[in-house]
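Note sheet for the following structure.
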Amino acid sequence: MKITQNTAVTLRMKVTDSQGLVYDDGKNPVSYLHGDYDNLFPKLEAALEGQESGFQTTLELATADTFGERDDALVTTMPKADFPPGIKVGGQIQRIGPDGEPRYYFVTKIKGPTVLLDGNHPLCGKTLRFALTVVDVREATAEEIAHQHVHGEHGHQH
């Protein structure tokens, strides 16, 4: 079966940066619903359109095509006294961003009475290389299409 609109695609996807640092080794398959559902970067989805199980490719995507450039306005601090207990460096908290919308911030440092937070995705500002292998392609179910994501072993569970 070919990858087309409303197919459920299972991939192995190794992700590295331009220096070869591995962010995902691709050993665990991931599934997505194909067809502009924002489940995969558009340039990756375009490269997979019309392909079948067994297809392999490697693509390098610029920051504009992945997580974008770093935004220094998303780096902020908060008093440790206001910080929720139990969250450590590397954890996340939700706060209102500079645009007034809720967003997740990564805890990057706790120093004395101050907690440093970063609302940027950890991979923003990086050129990323994706080594893709299509493991399986099947028709998506009506429920998956309605929910706009794949259910099951390598997809989302409800």
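In the numbering used here, the protein residues as written are 499 to 656. Every residue, glycine too, gets a C-beta built ideally from N, C-alpha and C.
DSSP-derived helix/strand/coil call for residue i
i, result
"A506", "strand"
"T514", "strand"
"A560", "coil"
"K578", "helix"
"P600", "strand"
"A638", "coil"
"D616", "strand"
"I643", "helix"
"K624", "coil"
"D570", "helix"
"K609", "strand"
Own chain partners of residue i with C-beta closer than 7 Å, once the 5 adjacent residues on each side are dropped
i, result
"S551", "V632, V633, D634, V635"
Beta-carbon proximity check, residue i vs residue j, cutoff 8 Å
i, j, result
"V605", "G589", "yes"
"K586", "P611", "no"
Nearest residue (CA-CA) to residue i, options the options
i, options, result
"D580", "A506, L615, I501", "L615"
"V573", "F628, P620, K525", "P620"
"A629", "K525, A644, I643", "K525"
Cβ neighbours of residue i in the same chain (closer than 8 Å, five flanking residues each side left out)
i, result
"E547", "I501, T502, H532"
Taking 8 Å as the threshold, find out whether the region 563-576 comes into contact with the region 519-537 through three or more Cβ pairs.
-> no
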